[in-house]
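Q: Numbering follows my numbering, with no gaps: position 111 of the sequence shown is 897. Cβ atoms here follow ideal geometry from the backbone N, Cα and C, with glycine treated the same way. As the structure is a computational prediction, the values presented were derived from the model and not from experiment.
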Amino acid sequence: MKDKTVTFLLIILVVGLGWFFIGNSSTSGGNSTNGNSASTNVQKVTIGIKNGNYYPNTITVKVGQPVRIYLDSTVSGCYRTFTIKDFGIVRTLPTPNDYIEFTPTKKGTFRFACIMGMGTGTLIVE
Ligand SMILES: [Cu+2]
């Protein structure tokens with residue numbers, strides 16, 4: 787049972803790395819400011835609450851590079867359960883140190899929202 791879990795995680799890791807390199811090479815033409823290691827390529831975003839909604843309300847990220855989203859201490863209640871339906875993300879972040887990490891695989895304009903849809907915003911992948 788444990789062996790299976792480890793194998794599964796390894797497969798996820800390999801697939802993830804593969805994606806990362808494919809995504810990186812296909813977009814490398816336009817990016818001159820990127821570092822070379824995976825850690826420096828993570829796009830970190832911290833979202834708070836202003837006037838009853840997520841702020842910043844529009845997030846712009848690059849396709850094929852991991853995105854890490856934090857919710858700061860102004861975010862409470864159901865606003866801490868963050869969803870990006872187009873990427874299959876539904877996650878509760880209990881503290882400001884928790885984060886969602888995913889790699890946007892397609893360009894476009896997507897909606898993010900709290901689980902109940904009161905707080906909403908826009909994710910632009912370019
Ligand atoms: Cu809500």
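#1: In three-state terms, what does DSSP make of G863?
#2: Please enumerate, following chain order, all residues with a beta carbon closer than 5 Å to at least one heavy atom belonging to ligand 1.
#3: How many angstroms separate the CA atom of F868 from the CA atom of Y856?
#4: Pop quiz: F888 and I875 are said to be a contact at Cβ under 8 Å. What is the actual Cβ separation, rounded to whole angstroms?
#5: Using C-beta distances below 8 Å, list every residue in its chain close to D858, excluding the 5 sequence neighbours before and after it, in chain order.
#6: Around the Cβ of I910, are there at least 16 other Cβ atoms within 10 angstroms (buried) or fewer (exposed)?
#7: According to DSSP, is N827 helix, strand or coil?
#8: Would you report the Cα separation of K836 and P842, rounded to the nearest angstrom?
#9: If T878 sits next to R897, beta carbons under 8 Å apart, how far is it from one beta carbon to the other, in whole angstroms?
#10: Measuring CA to CA, which of T846, V828, N827 is closest to T908?
#11: Judging by CA-CA distance, which residue of G838, N839, D872 is the nearest neighbour of T895?
#12: Exposed or buried, P852, counting other C-beta atoms within 10 Å across all chains shown (16 or more means buried)?
A: The relevant details are as follows:
#1: Start at 1 with the first residue of the sequence shown, and residue 863 comes out as number 77. Helix at G863.
#2: C864, C900, M902, M904
#3: What you label residue 868 is simply residue 82 of the sequence shown in a count that begins at 1. What you label residue 856 is simply residue 70 of the sequence shown in a count that begins at 1. F868 and Y856: Cα-Cα distance of roughly 10 Å.
#4: Within the sequence shown, numbered from 1, the residue matching residue 888 stands at position 102. Within the sequence shown, numbered from 1, the residue matching residue 875 stands at position 89. Going by Cβ atoms, the distance from F888 to I875 rounds to 6 Å, so yes, they are a contact pair.
#5: As a working note, residue 858 is residue 72 in the sequence shown. Answer for D858: T832, I833, G834, P882, listed in chain order.
#6: Looking up residue 910 in the sequence shown gives position 124. The residue in question, I910, is exposed, as its Cβ has fewer than 16 Cβ neighbours within 10 Å.
#7: Reading the sequence shown from its first residue, position 41 is the one you call residue 827. Note: N827 maps to helix in three-state DSSP.
#8: Here residue 836 refers to the residue found at position 50 of the sequence shown. Here residue 842 refers to the residue found at position 56 of the sequence shown. Roughly 8 Å separates the two Cα atoms.
#9: For this step, residue 878 is matched to residue 92 along the sequence shown. For this step, residue 897 is matched to residue 111 along the sequence shown. Not quite, the Cβ-Cβ distance comes to about 18 Å (not below 8 Å), so this is no contact.
#10: Position 122 of the sequence shown holds residue 908. Cα-wise, what sits closest to T908 is T846.
#11: Taking the sequence shown and counting its residues from 1, one reaches residue 895 at position 109. Residue D872 is the option with its Cα nearest to T895.
#12: Start at 1 with the first residue of the sequence shown, and residue 852 comes out as number 66. So P852 counts as buried.
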